[in-house]
Amino acid sequence: MRFALAWSSLRRHGTRTLLATLGVAVAAAMLLDMVMMSTGLRESFRELLLSRGFQLRLAPRGTLPFDTDATIENTTGIIAKLRANPAIVTVSPVLGGTIHVPVRGKVVTSAALGVNPLVQGDYELLSGKDPKGRDDIVANDDFLRATGARVGDTIEVSAGYDPQLRTYAGSRKMVVTGRARFLYGAAAQLATAMQLSTLQEMGGPDRRDDSSLFMMKVRADAQVESARAWIERAIPEVSAISTSSALAQVDQRLSYFRQLALILGTVSLFVGFLLVTTLMTVSVNERISEITVMRALGVSRMHVVQQIVLEGIVITIGGATAGLGLGLVTARYLNGILSSFPGLPVAIDFFLFQPKAAWVSLGLLSLSGIAAGVYPSYRAASLPIATTLRQEAIA
Amino acid sequence: MTDPQGSDQVNVVEARDLARDYDFGADRVHALRGVSFDIPEGDYVAIVGPSGCGKSTLLNLLGAIDQPTRGSVRIHGESVAGMSDRNATNFRLRNIGFVFQRFYLMPTLSARENVELPMAEAGLGKSQRADRARELLRYVGLAHRERHRPSELSGGEQQRVAIARALANKPAILLADEPTGELDAKTGSEIIALFGRLNTDGTTIIVVTHDEDLASAARRKIHMRDGLVVDP
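For the protein sequence lines, the chains are S and Y, in the order given. In this text, residue positions in the first sequence follow this note's numbering: the first is 454, and each later residue adds one. In this text, residue positions in the second sequence follow this note's numbering: the first is 3, and each later residue adds one.
Take a look at the structure:
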């Protein structure tokens with residue numbers, strides 16, 4: 454009977470109920486987006502760093518996370534040193550650079566990575582084969598679109614451009630063996646990968662044994678931090694960073710994002726709370742005589758409160774459910790805008806849906822909806838019956 | 003529990019030295035100044051008197067929706083004065099039937115649902131209360147209107163639904179405050195006839211009214227003036 458009364462009361466002012474539900478939906482969507490944003494970037498970054506199982510990264514001192522201009526010399530020697538540590542099971546050297554491809558009188562410039570295809574962690578092959586030969590190259594769709602090349606085509610590739618002499622340190626014909634998605638590539642960035650030795654050779658004599666970065670996997674039973682400390686002692690010219698410390702740095706740098714999300718999320722929650730409280734207060738004030746008569750007929754104060762709180766719950770849950778969908782759509786749209794930020798890996802998501810966080814935020818909103826109904830209903834149910842009926846009759 | 007004449011008739015209402023004061027800022031208004039009377043079971047009493055004489059205040063005290071400043075009220079032997087809110091609410095639910103001048107039906111519920119409301123509160127099962135609500139609506143002549151909402155009923159029909167609602171939990175007394183006050187003469191006389199039938203069937207009725215016809219239909223009148231019973 455209480456639910457029937459609550460439902461019929463909500464239907465009595467259908468437009469107002471609908472508008473309030475939409476208002477709660479907007480607040481819920483904003484709250485959900487803020488919760489998604491507060492954790493999304495960090496979680497997305499963590500997933501990205503761990504996606505290929507590398508727990509340690511090594512770069513020239515002071516250049517982390519990645520700088521194609523700064524290189525580490527003596528790659529062969531460093532790999533040998535790293536392999537001497539039994540805790541390190543995989544070493545993947547990477548050299549970053551730029552290549553140039555002449556296309557119909559123009560030159561297409563692209564990022565290039567020199568990798569060991571057997572252990573690389575920079576790209577995901579979509580079709581074709583890894584660049585196992587010295588003249589093989591894989592490229593992303595943006596590169597293939599810009600050059601008009603397809604898998605199987607041969608292209609002229611140059612590297613090591615000297616702007617003063619306007620010459621390249623190395624050029625060669627290469628076969629596009631595969632299509633790839635580059636994990637750390639920015640949106641619309643042209644990217645390719647080839648054998649490390651190929652890019653080193655094309656970079657000229659100065660780059661014969663250079664690398665920009667090493668990525669490492671540590672044995673399952675070994676301590677990542679111990680391995681990291683050992684590397685920094687054994688190879689003083691490099692900085693080593695573990696995924697957990699990289700995440701700690703990201704956390705630190707993103708703290709303002711989280712604070713912003715927290716503040717906006719709290720505001721959304723508060724707006725939702727105020728909205729339902731306002732509606733409940735107006736609704737209760739309109740029904741003072743009904744409520745008083747119910748009390749006169751013997752309906753308990755608690756049951757009056759329950760019935761009105763039920764109305765608040767229906768609005769809040771209805772709004773929160775609609776807000777869930779609205780929040781996901783908004784997050785997707787905003788993510789599309791933010792992900793195209795220059796230089797940011799396209800795989801990074803600003804808004805990441807995490808069911809637990811979503812339920813927590815929607816639960817909070819529902820709780821606020823319950824709380825919003827309690828005060829006005831309790832106040833109405835506590836009015837002196839005889840006096841209120843007399844005043845209502847006079848009014 | 004016998005009347006003052008010492009007969010075996012059981013008193014449903016025993017009011018002793020009932021007083022009710024209201025404070026309006028610095029002023030104190032004595033709405034009731036010490037009223038005593040008994041009403042035996044099955045009686046039909048009209049409380050009459052000029053406006054402001056304390057009729058409605060008295061009805062509120064008898065119905066346990068207000069507390070006296072002084073004195074006592076016993077309904078079916080149970081003292082109503084000084085009851086906690088929870089006990090008074092439960093007492094009203096099971097012992098008092100209220101009929102108001104303005105009907106006060108729940109506008110979003112059908113006639114039958116309105117009648118079911120006190121029964122639902124009393125914990126009666128769905129089918130039981132639906133059956134009893136139909137029976138009561140049939141009694142007041144509205145069996146064919148059970149699905150209609152108050153806005154689809156005439157004033158007289160609404161008041162009959164309100165009477166059915168008041169009878170839902172088989173109360174010890176039916177209290178009515180100006181039950182014909184909002185109705186035209188013809189509809190008012192229908193309600194008066196319904197009250198007469200109810201009383202004949204055993205319901206104890208106390209009405210507060212200015213309506214001479216309604217007051218004349220009662221078995222007994224209690225005249226009030228300035229917060230006092232002038233001819234009990």
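For glycine and all other residues, C-beta sits at the position ideal for the given N, C-alpha and C.
Straight-line gap, residue i to residue j (C-alpha atoms, nearest Å)
i: L216(Y); j: T745(S); result: 26 angstroms
i: N201(Y); j: G44(Y); result: 7 angstroms
i: R632(S); j: A459(S); result: 60 angstroms
i: R131(Y); j: S112(Y); result: 14 angstroms
i: Q617(S); j: L485(S); result: 54 angstroms
i: R740(S); j: L836(S); result: 12 angstroms
i: A714(S); j: S793(S); result: 20 angstroms
i: R104(Y); j: E184(Y); result: 7 angstroms
i: P795(S); j: T769(S); result: 39 angstroms
i: R284(Y); j: T91(Y); result: For chain Y, the structure presents residues 3 to 234; residue 284(Y) sits outside this window and is missing.
i: L155(Y); j: S742(S); result: 19 angstroms
i: N13(Y); j: A166(Y); result: 24 angstroms
i: S665(S); j: P513(S); result: 7 angstroms
i: L196(Y); j: G776(S); result: 54 angstroms
i: A48(Y); j: A481(S); result: 58 angstroms
i: A168(Y); j: V813(S); result: 46 angstroms
i: V479(S); j: V758(S); result: 26 angstroms
i: R227(Y); j: F39(Y); result: 15 angstroms
i: D594(S); j: A640(S); result: 11 angstroms
i: A693(S); j: G581(S); result: 34 angstroms
Neighbourhood of residue i by C-beta, 6 angstroms cutoff - its chain only, sequence neighbours within 5 removed
i: L791(S); result: F803
i: T59(Y); result: R22, A33, L34
i: T491(S); result: Residue 491(S) is actually Ser in this sequence, not Thr. Closer than 6 angstroms at Cβ, skipping near neighbours: R711, A714.
i: S563(S); result: I552, F596, L643, T645
i: L36(Y); result: The question names Leu, but residue 36(Y) in the sequence shown is Gly. Answer for G36(Y): D19, A21, listed in chain order.
i: A178(Y); result: V101, V209
Closer than 9 angstroms to chain S by CB, residue i
i: P120(Y); result: yes
i: G157(Y); result: no
i: G84(Y); result: no
i: E115(Y); result: yes
i: R88(Y); result: yes
i: L95(Y); result: yes
i: Q103(Y); result: yes
i: G65(Y); result: yes
i: M226(Y); result: no
i: E16(Y); result: no
i: I98(Y); result: yes
i: P109(Y); result: yes
i: S53(Y); result: no
i: T91(Y); result: yes
Nonlocal neighbours in the same chain, by C-beta distance under 8 angstroms from residue i, ignoring five residues either side
i: F93(Y); result: A66, I77, E80, V82, M85
i: L717(S); result: M483, M487
i: Y614(S); result: T551, H553, T620, Y621, A622
i: S53(Y); result: H212
i: Y106(Y); result: A164
i: L119(Y); result: M108, L111, R167, A170
Below-9 angstroms beta-carbon distance, residue i vs any chain Y residue
i: V752(S); result: yes
i: I823(S); result: no
i: Q844(S); result: no
i: M733(S); result: no
i: V737(S); result: no
i: A473(S); result: no
i: S461(S); result: yes
i: R469(S); result: no
Beta-carbon contacts of residue i that lie in its chain and below 7 angstroms, excluding the five residues immediately before and after
i: H150(Y); result: S112, A113
i: D704(S); result: R495
i: G765(S); result: V729, M733, G822, I823, A825, G826
i: T529(S); result: D662
i: A760(S); result: Position check: residue 760(S) holds Gln in this sequence, whereas Ala was assumed. Only R455, L458, A459 meet the Cβ criterion.
Note to self: For the region 62-81 of chain Y against the region 96-109 of chain Y, do three or more pairs of beta-carbon atoms, one drawn from each stretch, fall closer than 8 angstroms, so that the two count as touching?
What the structure shows: The region 62-81 of chain Y is in contact with the region 96-109 of chain Y.
Notebook entry, point to check: Is the region 825-843 of chain S touching the region 780-800 of chain S, taking contact as three or more C-beta pairs under 8 angstroms?
Noted result: Touching, no.
Next item on the list: For the region 455-519 of chain S, list the alpha helix (DSSP H) runs that are entirely contained and at least 4 residues long, ordered along the chain.
Entry: Fully enclosed alpha helix (DSSP H) runs of 4 or longer: 455-465, 467-503.
Notebook entry, point to check: Touching or not, the region 720-739 of chain S and the region 489-500 of chain S, by the rule of three or more beta carbon pairs under 8 angstroms?
Noted result: With contact defined as three or more Cβ pairs closer than 8 angstroms, the region 720-739 of chain S and the region 489-500 of chain S are not in contact.
Note to self: At 3 residues or longer, what runs of the beta strand (DSSP E) sit wholly inside the region 50-88 of chain Y?
What the structure shows: As summarised for the region 50-88 of chain Y, the continuous beta strand (DSSP E) elements at least 3 residues long and confined to that stretch are 72-77, given in chain order.
Margin query: For a minimum of 3 consecutive residues, which ranges assigned as the beta strand (DSSP E) are wholly contained in the region 640-709 of chain S?
Written below: 644-648, 666-671, 691-695, all fully within the region 640-709 of chain S.
Check: With a cut-off of 8 angstroms, do at least 3 Cβ pairs link the region 624-644 of chain S to the region 669-688 of chain S?
Finding: Touching, no.
Notebook entry, point to check: Would you call the region 748-758 of chain S and the region 109-127 of chain Y touching, i.e. three or more CB-CB distances under 8 angstroms?
Noted result: Three or more Cβ pairs closer than 8 angstroms define a contact, and the region 748-758 of chain S meets that threshold against the region 109-127 of chain Y.
Next item on the list: Decide if the region 470-478 of chain S is in contact with the region 694-702 of chain S; the criterion is three or more beta carbon pairs, one per stretch, under 8 angstroms apart.
Entry: Contact fails: fewer than three Cβ-Cβ distances are below 8 angstroms.
Margin query: Pairs of beta-carbons, one from the region 555-567 of chain S and one from the region 527-540 of chain S, closer than 8 angstroms: are there three or more?
Written below: Counting C-beta pairs closer than 8 angstroms gives fewer than three between the region 555-567 of chain S and the region 527-540 of chain S, which falls short of the contact rule.
Checklist line | Start-end ranges of the beta strand (DSSP E) lying completely within the region 79-150 of chain Y, minimum 3 residues | finding: Segments of the beta strand (DSSP E) lying fully in the region 79-150 of chain Y: 98-101.
Next item on the list: Mind listing, in chain order, the continuous alpha helix (DSSP H) runs of no fewer than 4 residues lying wholly within the region 138-215 of chain Y?
Entry: Within the region 138-215 of chain Y, the alpha helix (DSSP H) runs of at least 4 residues that lie entirely inside it are, in chain order, 157-168, 187-202.
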